[in-house]
Amino acid sequence: MRQSFIRFQTQSFSFRCLRAWVLPALLGSSVGCGPGGGATPEPVDPVDTQRDGLVSTNGLSTNGLSTNGLSTNGLSTNGLSTNGLSTNGLSTNGLFVSWFNSNPAQADMLMKYVVRCAMNANQTLTYTHAGTTYTWTGSLGLAPNWSTNQPATVTEQQIVSACIAAHANKFGVHVNISVLGKGATNVEIPTTPEETQTYSQPEACFFGNLFANEGLYAANDTSYLSYDQSTVRTCGLSSWAGDLACAPAIVHVGNCLDYCDLAAPRGYSRCHYNGKYYRAITTRIRPQDIYRCGDGVCQISEKCGTGATADSCASDCGSCP
Numbered sequence: 008m009r010q011s012f013i014r015f016q017t018q019s020f021s022f023r024c025l026r027a028w029v030l031p032a033l034l035g036s037s038v039g040c041g042p043g044g045g046a047t048p049e050p051v052d053p054v055d056t057q058r059d060g061l062v063s064t065n066g067l068s069t070n071g072l073s074t075n076g077l078s079t080n081g082l083s084t085n086g087l088s089t090n091g092l093s094t095n096g097l098s099t100n101g102l103f104v105s106w107f108n109s110n111p112a113q114a115d116m117l118m119k120y121v122v123r124c125a126m127n128a129n130q131t132l133t134y135t136h137a138g139t140t141y142t143w144t145g146s147l148g149l150a151p152n153w154s155t156n157q158p159a160t161v162t163e164q165q166i167v168s169a170c171i172a173a174h175a176n177k178f179g180v181h182v183n184i185s186v187l188g189k190g191a192t193n194v195e196i197p198t199t200p201e202e203t204q205t206y207s208q209p210e211a212c213f214f215g216n217l218f219a220n221e222g223l224y225a226a227n228d229t230s231y232l233s234y235d236q237s238t239v240r241t242c243g244l245s246s247w248a249g250d251l252a253c254a255p256a257i258v259h260v261g262n263c264l265d266y267c268d269l270a271a272p273r274g275y276s277r278c279h280y281n282g283k284y285y286r287a288i289t290t291r292i293r294p295q296d297i298y299r300c301g302d303g304v305c306q307i308s309e310k311c312g313t314g315a316t317a318d319s320c321a322s323d324c325g326s327c328p
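Position one of the sequence shown corresponds to residue 8 (this note's numbering), numbered consecutively onward.
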């Protein structure tokens, strides 16, 4: 088994509602951001026991270390389809072209995450728009079929969706996270002892399917934050008052243990919601990335006020003008 180390640095990206963007166009249908129903579990793709390290500089890594910064104001999949990722496919897909033209900067940011999640470190995808050529580099290789211009399997749709959700950040700032899980062919994202030791704080699990209009979901992999705690990773690690912080793009459903199957040695293999099973991505963070009102620093997740809560932290942020 080969272990490698991957570090991601992602830029801030706004995702408002999944339906306004990329995936459905390639599918030939529109994607919404709300929950969808289903009656039967999805089949699991054939197992591949091979391990392959992947490297990326934006949120995904061969050992799972990644930097997230994707914001919840602009995520959409209304241009991508499951027919296969290829330069020619993007250029000839009218829905993708229209979607990209509507906001090239946001489309570019989302495509960086899509490609990094789906493709491996040896693959790139290019697209030329208005004289500018965009090149997106792969990293995790979670969707090998889709990456080689074959139709995406249901499992690939799910794991790429979960990977994108795991990099969501309400505040659009960069925070290092450890990403745990397996790709569509059961290739595990490698880890190192150093990563496990540094990113020791359980955070959240993510699952869903943007391609099938079934929504994105997150749940705590630990207890809810206390009244005086906060984190910029609120789309995953929630407080009791923060369950709706990232809705409707991502719906927070509670605790991972209520929905998901544990996977050895850590994380969750799949989650069950609305009558369907979904492949999951699990994340961990550094303990110091959970902030506490009273530590003397006014964090972006804290506000001025007269109290001792994150929404009214007098000691760190002072009184409001």
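Even for Gly, the Cβ is constructed at its ideal location relative to N, Cα and C. Bear in mind that the values here come from a model prediction, so they are computed numbers and not experimental data.
Where residue i falls, given that 16 or more other Cβ within 10 Å makes a residue buried
i: residue 300; result: buried
i: residue 114; result: buried
i: residue 325; result: exposed
i: residue 204; result: exposed
i: residue 101; result: exposed
i: residue 176; result: buried
i: residue 108; result: exposed
i: residue 92; result: buried
i: residue 5; result: In this structure the chain extends from 8 to 328, so residue 5 is not present and cannot be described.
i: residue 251; result: exposed
i: residue 160; result: buried
i: residue 112; result: exposed
i: residue 183; result: buried
i: residue 188; result: buried
i: residue 149; result: buried
i: residue 389; result: Residue numbering for the chain in the displayed model covers 8 to 328; residue 389 lies beyond these limits and cannot be assessed.
i: residue 200; result: exposed
i: residue 269; result: exposed
i: residue 254; result: exposed
i: residue 135; result: exposed
i: residue 142; result: exposed
i: residue 197; result: buried
i: residue 99; result: exposed
i: residue 95; result: exposed
CB of residue i within 8 angstroms of CB of residue j, strictly
i: residue 212; j: residue 170; result: no
i: residue 208; j: residue 89; result: no
i: residue 314; j: residue 327; result: no
i: residue 168; j: residue 290; result: no
i: residue 285; j: residue 238; result: no
i: residue 263; j: residue 227; result: yes
i: residue 225; j: residue 172; result: yes
i: residue 287; j: residue 278; result: yes
i: residue 210; j: residue 292; result: yes
i: residue 162; j: residue 234; result: no
i: residue 280; j: residue 260; result: yes
DSSP bridge partner residues for residue i (one or two, in chain order)
i: residue 120; result: BP columns for residue 120 are empty, so no partner.
i: residue 287; result: DSSP lists no partner for residue 287.
i: residue 195; result: 189
i: residue 299; result: 236
i: residue 319; result: 316
i: residue 292; result: 208
Whole-angstrom C-beta distance between residue j and residue i, which should lie under 8 angstroms
i: residue 146; j: residue 128; result: 6 angstroms
i: residue 191; j: residue 151; result: 7 angstroms
i: residue 323; j: residue 309; result: 6 angstroms
i: residue 140; j: residue 131; result: Not a contact, Cβ separation roughly 11 angstroms.
i: residue 266; j: residue 245; result: With a Cβ gap of about 14 angstroms, residue 266 and residue 245 do not count as contacting.
i: residue 258; j: residue 222; result: 6 angstroms
i: residue 144; j: residue 122; result: 7 angstroms
i: residue 103; j: residue 117; result: About 12 angstroms separates the two Cβ atoms, so there is no contact after all.
Heavy atom of the ligand FMN within 7 angstroms of residue i beta-carbon
i: residue 149; result: Absence of the ligand FMN from the depicted structure is noted, as is the absence of any ligand whatsoever, leaving it without description.
* Taking the runs of the alpha helix (DSSP H) that are 4 residues or longer, which of them lie wholly in the region 199-280? -> 200-205
* To do: Starting from the N-terminal side, write out each stretch of the beta strand (DSSP E) that is 3 residues or longer and does not extend beyond the region 110-158.
  => 131-136 and 139-144
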